[in-house]
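Worksheet for the structure shown next.
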Amino acid sequence: MPTYEYACTQCGHEFEAFQSFSDAALTQCPECESAIQKVYSNVGVVFKGSGFYKTDSREPKKTTTPAATTTPTTSTTPTTPTTSTPKND
1 MPTYEYACTQ
11 CGHEFEAFQS
21 FSDAALTQCP
31 ECESAIQKVY
41 SNVGVVFKGS
51 GFYKTDSREP
61 KKTTTPAATT
71 TPTTSTTPTT
81 PTTSTPKND
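Be aware that the sequence shown starts at 1, since it is given in UniProt numbering, and climbs by one per residue.
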């Protein structure tokens, strides 16, 4: 269960409360019964084990060779037979 920190806006009393995520936030100070608010602070996070680095969570990269590309041997211009006739001068 998460631990939440609260501080009183009147007397300055600070305290912690163990509450579920679904529980409503506390609203009264246990000392003076004035309004309270949540205190947000930094948390220390430690990631242990495998799977936290990109090299741990992926399979090794496989080297593949690209498929050979071929160029068409036919041209796009239509071929017409050409005949040459000799010129007589």
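Quick reminder that beta carbons are idealized off the backbone N, C-alpha and C, glycines included.
On a CA-only basis, which of 4, 42, 49 and 30 is nearest residue 19? Give me that one, please.
-> Locating residue 19 in the sequence shown gives position 19, where the first residue counts as 1. Residue 4 is the option with its Cα nearest to residue 19.
Reduced DSSP secondary structure (H/G/I, E/B, other) of residue 19 = Here residue 19 is taken as the residue at index 19 of the sequence shown, counted from 1. Reduced to three states, the DSSP call for residue 19 is coil.
What's the C-alpha gap between residue 40 and residue 48?
-> To locate residue 40, count along the sequence shown from 1; it is residue 40. To locate residue 48, count along the sequence shown from 1; it is residue 48. Taking the straight line from one Cα to the other gives about 25 Å.
Residue 37 bridges to which residues according to DSSP?
-> The count along the sequence shown starts at 1 and reaches residue 37 at position 37. 7, per the DSSP bridge assignment.
Proximity below 8 Å, CB of residue 27 to CB of residue 17 = Your numbering for residue 27 matches position 27 in the sequence shown. Your numbering for residue 17 matches position 17 in the sequence shown. Contact: no.
Of the residues 64, 25, 31 and 46, the one placed nearest residue 12, counting alpha carbons only | In the sequence shown, counting from the first residue as 1, residue 12 sits at position 12. It is 31 whose Cα lies nearest to the Cα of residue 12.
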